[in-house]
Each structure stands twice: as C-alpha cells, then as structure tokens.
Amino acid sequence: MTGASYRFRSTWLLPGTVPERVFGVVTDLAGYPRWWSDVRAVRRVDDDTAELVCRSRLPFRLVVRMHRDHQDERTGLMRVRLSGDLDGTLAGAVRAAGAGTLLEITQDVQVRKKLLQRLDTVARPLFRANHALMMRRGHRGLSAYLT
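Every letter in the sequence shown is one number past the one before it in this note's numbering, and letter 70, counting from 1, is 629.
In structure tokens form, the structure reads like this:
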C-alpha cells in the first residue's frame, strides 16, 4: 500500500449507559450526524455499507466508505473496512464498565487523499491533533446523545 499510515486508539467511557444501547447506536452509521458534529453527511450504499463525509477543524473533508466486516452484539465486537480517502479498518469493542459502558476504538488506515499524502511529512502532528479533536467531539456527542 502507498500513502501515509496512521494507527489511532481511543477509549470512551460513557457513564450511565448500557452496552447494548451503545452498541446499537455506534453500529447505526446513518445515525452518526445526530450525535457527531464532524460527520457531516451519510449516504447508505447497501445494508452493510455507508459513505460518510467528515470534516473536523482543518479545511478539508474526508469521504470514507465504511463496509461492515464483523458485528456481534453478544461479544460487543465490531469491525468495518474503510475505503475512499482512507483505506483500512476501524474496530470497536463495547463492554460494561462500572455504572456505564466502555467503548474502545482502533483505527488502522492508509491515507489515499492526495493532498494529505503530500502534506503528511510536515503536517502529521497537525493531522493527529485534528483527529484527536474529532474523536473528543464524538465522545462528547455520543455521551450527550445517550443520556
């Protein structure tokens, strides 16, 4: 694969929630714009695939197709394949944690968007910070949506 590689890990603690509800919301891709302001639009492609348009603080958008690869509510595990401006996988694990739910997210991606590939060498720290902001807003948005 060509392009810059990134691996991101996020852990979201969601107090006052139950794992089944969290799992249902995060596996409903069409619903992301209701709680995650950085997901600007979602287009359903088929029962297992959606195309998301994302934009955080930096002046570019990412168009990413997410295809359900694995989803098991009983174990709380899910995984989607990503294609488009990013290519790779996004995996999640949902489990009870005290009086709430823990959502662990792992993303392994290759950047396909040409502009970002060209800027990666000098802007990588900025891209990582932008991603961290996006994930923070997602965490806050999901927490507010669920409570």
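We put the CB at the ideal spot given by N, CA and C, even for glycine.
In the three-state reduction of the DSSP assignment, S702 falls in the helix class.
The Cβ-Cβ distance between L611 and V601 falls below 7 angstroms.
Nearest C-alpha to R616 among T706, M693, R699 and G697: M693.
For the pair R654 and G635, the CB atoms are nearer than the 7 angstroms cut-off. Of all C-beta pairs linking the region 580 to 592 to the region 647 to 663, three or more are shorter than 8 angstroms, placing the two stretches in contact. The beta carbon of Y704 lies closer than 8 angstroms to those of V584, R593 and W594 in the same chain, with the five residues before and after it left out. Under the 10 Å beta carbon count, G697 is surrounded by 16 or more other beta carbons and is classified as buried. In the three-state reduction of the DSSP assignment, F582 falls in the helix class. In this chain, the alpha helix (DSSP H) harbouring W594 covers Y591 to W594.
Nearest neighbour of L675 by Cα position, chosen from F686, V668 and T665, turns out to be F686. Annotation for P574: the continuous beta strand (DSSP E) segment containing it runs S564 to P574. According to the DSSP assignment, G647 belongs to the beta strand (DSSP E) that extends over L645 to A656. Residue W571 holds the alpha-carbon nearest to the alpha-carbon of A656 among F567, Y565 and W571. DSSP places D631 within a strand segment (E or B) once states are collapsed to three. By the C-beta density criterion, V681 is exposed, having fewer than 16 other C-beta atoms within 10 angstroms.
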